[in-house]
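Let me begin by presenting the structure, written as structure tokens, before commenting on it.
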Amino acid sequence: MDFAEPDAPRAQQPPGAQRYYEQHAAALAERYEGLSFPALYEEVAPFLPVPPAAAADIGAGSGRDAAALARLGFAVTAVEPVPAMRETAVRLHPEEIVWLADALPELGSVQGPFGLLLLSAVWMHLDRDERPLAMARLGELLTEGGRLVITLRHGEPPHDRRMFDVPAGETVELAAEHGLFLLHRGGGEDRLGRDGVHWSQLVFEKRARTTGAETAGPRQQV
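Following this line, the structure appears as structure tokens:
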């Protein structure tokens, strides 16, 4: 679910990432498709907007999540910069989905607004300088009251692609700086059974900027 295009900005050209995801697209797609959308997102499902809201799956990979959202009735845009992953996803999922070749932090070809943005195993590929740019762009793409769902991978990053262990707390603070306030913080163990890997799931809501205590957002489920 990640990055690369030959002439793209640096976030799309991490060392080894393009080669890795291009070369292993089929195996990765099989792995992703082995995990069910309802099981992965059970705890965040109550926070999703009501279909037929517009939804964008950023870093859509094999198309598993984009297809599930389409079946739920969302109007789905799937953003995936790796050609081999896009080709595999289109073949696996005939659902009505708009596919775009783009990536964070710019997402220059993506046109909002969206009621839902989903980033599963994507944020971990952005470095410290790119993450503020990316969060600002996500805020621009969301409608007022729209929801952002981010899953974060924690644990020692692999050495064969560009990846960072981004703290959940950092992500919550950065989101708040861009008018995105925490509704839910959860997560759990790695569903692929990898030792030392666990995940956070964060749900944010876009709100008009205010002052004082109102900026803190809901405190339950954090």
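Positions in the sequence shown are counted from 1; adding 140 to them yields our numbering. Cβ coordinates follow ideal geometry from the N, Cα and C atoms, glycine included. A quick note: this is a predicted structure, and the numbers were derived from the prediction, not measured.
Item, Value
"For the beta strand (DSSP E) containing Leu322, list its first residue and its last residue.", "320-329"
"Taking the C-alpha atoms as reference points, what is the distance between Leu188 and His318?", "20 Å"
"Could you name each continuous alpha helix (DSSP H) segment of 4 residues or more that falls completely within the stretch 214-289, going from the start of the chain to the end?", "223-232, 270-281"
"Quick one: which unbroken beta strand (DSSP E) runs of 3-plus residues sit fully inside the stretch 177-204? Chain order, please.", "194-198"
"Find out if the Cβ-Cβ distance for the pair Leu206, Ala218 is shorter than 7 Å.", "In the sequence under discussion, the amino acid at residue 206 is Ala, which differs from the Leu named in the question. Against a cut-off of 7 Å, the Cβ pair of Ala218 and Ala206 comes out as a contact."
"Please return the same chain residues whose Cβ sits closer than 8 Å to the Cβ of Ala348, not counting the five positions on each side in sequence.", "Glu284, Gly319"
"Any idea what DSSP makes of Val337, helix, strand or coil?", "coil"
"Using DSSP with H/G/I as helix, E/B as strand and the rest coil, what is Pro307?", "coil"
"From the DSSP output, which residues share a beta bridge with Arg293?", "Trp339"
"Looking at C-alpha atoms only, which residue of Leu314, Lys346, Gly309, Glu313 is the closest neighbour of Ser340?", "Gly309"
"Return the residue from the list Thr228, Val289, Val250 that minimises the CA-CA distance to Ala261.", "Val289"
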